[in-house]
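Mapping of the sequence shown onto UniProt numbering: position 124 corresponds to residue 124, and the numbering continues sequentially without gaps. For glycine and all other residues, C-beta sits at the position ideal for the given N, C-alpha and C. These figures come from a predicted structure and were not determined experimentally.
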Amino acid sequence: MALVRISFGRLLASPLGSAGRTCKVQSLFSPQCASISSIHVPDRVKRPPPFPYKEKQYNLLRSLFDNTTDRFNENTKVIVVDGPIAAGKSDCAQKLAKELDMLYFPEANMDMLYINDYGYDMRQLDPELPESCRSYDVKDLNLRPNLSDVPVFQIQMYILRYSQYIDALGHVLSTGQGVVLDRCVYSDFVFLEALARQGFASKGVVAERIKQRNIPYEVNSKLMNEKYLANIEELYKQKYLKEISTHAELLVYDWSNYGDIETVVEDIERVDFDCFGKYDPKMKDWRIFTTWEWNEARMKYTTDKNFLMNLLNVPRFDVPELLIDGHDAGKRFEVWNNVSSRNEVC
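Okay, structure coming up:
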């Protein structure tokens, strides 16, 4: 049985403090709105147009004339679709986003790190780099999972998921449009612990889906064996779902034969996000009561994103696997910088 979990995301605090916590599905607090509506239910309230947060900074001056909550409606929420590899979560998330008129965020991947702004894939530079600085992505993880690069890969994936989640929050607060994420930063620990041990789904279904997808590095993977899938399954059941259920509304579906997205939408529409008390642990991250606090949150997740990302810039000299030789690092900087310079000239 392949299970897909749909949860409602939370606001981010410190990435260090949340590293061991699960992803939770939560609503933006709004006393007028109690549930999510499908695209077939029109919004009759005229709201300001989306703020172009990618082109303009939302600063103190703009916040005096542009209140974040003016764009909020019942669908101003973060939804996370989670599940094991090949569970069908990506298809589910895309359909869900379309039905709810939300923005879909595909699962974070190493392309976000290795493909630069000009579309150049930095992995092509591996022959020019020392071995310690060469690329290592999910393909390498599946074919060569025992290398010393695995810890670095997992940390990089965590950073990418963290960055993407900040972008999702920034989009929600700047436009009022909800988002649907394919997995998020809070479930990252499942894979880290599974790798440390060596999925929330029936191993048989997941294994069969992997064969059906016929992605070479998955089919021939030395990592995706019965033990690894069993570890993921146990961690999802015993930790991820156990913790998430105390913090957010959680919907779980058997996706072994896929499912009816309209049924999922109907279930989501029935969830009342305003039935929680002041001290209820569920939805507490979104209990922001003043307009100015919402404006500050919006600035934090857009204009001040670099500050949040710097919280992860903590050297760990006590973990040799996360370190590379200074000369090797200098060589990588030189090679990568030369490519960036050539792209800028072009």
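Query	Result
Spatial neighbours of Lys-95 in its chain, beta-carbon cut-off 7 Å, leaving aside the 5 residues before and after	Ile-261
Exposure label - Cys-133; buried when at least 16 CB within 10 Å	buried
Assigned exposure category for Lys-282 - 16 Cβ within 10 Å defines buried	buried
Where the alpha helix (DSSP H) through Val-81 begins and ends	Where Val-81 is concerned, there is no enclosing alpha helix (DSSP H), although the beta strand (DSSP E) it sits in stretches over 78-82.
Distance, Asn-310 Cα to Asp-328 Cα	23 Å
Nearest-angstrom Cα separation, counted from Val-252 out to Ile-6	6 Å
CB of Leu-235 within 7 Å of CB of Ala-194, strictly	yes
Beta strand (DSSP E) runs wholly inside the stretch 63-126, at least 3 long, in chain order	78-82, 103-105
Per DSSP, cross-strand counterpart(s) of Ile-6	Val-81, Leu-251
Span of the alpha helix (DSSP H) around Val-314	That residue, Val-314, is in no alpha helix (DSSP H); it is neither H nor E in DSSP.
Supposed close pair Val-335, Leu-125 - CB separation, criterion 8 Å	5 Å
Residue closest to Lys-300, alpha-carbon to alpha-carbon, out of Pro-42, Glu-74, Tyr-53	Tyr-53
Run of the beta strand (DSSP E) containing Leu-181, from where it starts to where it stops	179-182
Same chain only: Cβ atoms within 6 Å of Asp-188, ignoring 5 sequence neighbours per side	Tyr-158, Arg-161
Where Phe-200 falls: helix, strand or coil (DSSP)	Because the pLDDT at Phe-200 is just 28, under 50, the model does not fix this residue reliably, and the value given afterwards should be weighed accordingly. Coil at Phe-200, not helix or strand.
Helix, strand or coil at Arg-332 according to DSSP, with G and I counted as helix	helix
Unbroken stretches of the alpha helix (DSSP H), 4 residues or longer, contained in the stretch 133-188	138-143, 149-175
CA nearest to the CA of Pro-315, picked from Met-102, Tyr-136, Ile-36, Ile-155	Ile-155
Identity of the residue in Ile-36, Asn-337, Tyr-240 nearest Val-180 by Cα	Ile-36
Alpha carbon of Ser-245 to alpha carbon of Ser-90, nearest angstrom	22 Å
Of the residues Lys-46, Asp-82, Tyr-118, Leu-103, the one placed nearest Arg-170, counting alpha carbons only	Here residue 170 turns out to be Gly, not Arg, going by the sequence shown. Minimum Cα distance to Gly-170 is reached at Leu-103.
Proximity to Gln-57 [Cα-Cα], best of Lys-331, Leu-323, Asn-295	Asn-295
C-alpha distance - Phe-276 paired with Arg-332, whole-angstrom precision	51 Å
Nearest-angstrom Cα separation, counted from Thr-302 out to Glu-55	11 Å
Nearest-angstrom Cα separation, counted from Arg-123 out to Cys-92	31 Å
For Ser-256, the residue or residues it bridges with in DSSP	Tyr-258
Alpha carbon of Tyr-120 to alpha carbon of Met-110, nearest angstrom	13 Å
Alpha-carbon to alpha-carbon, Pro-127 and Asp-140	16 Å
C-alpha gap between Pro-320 and Asp-272, whole angstroms	48 Å
Arg-270 burial status per 10 Å Cβ neighbour count (16 or more: buried)	exposed
CB-CB length for Leu-100 against Asn-75, believed under 8 Å	6 Å
Residue span of the alpha helix (DSSP H) that contains Leu-241, given as start and end	241-244
For Met-283, the three-state DSSP class (helix, strand or coil)	coil
Outcome for Gly-326 when other beta-carbon atoms lying within 10 angstroms are tallied against a minimum of 16	exposed
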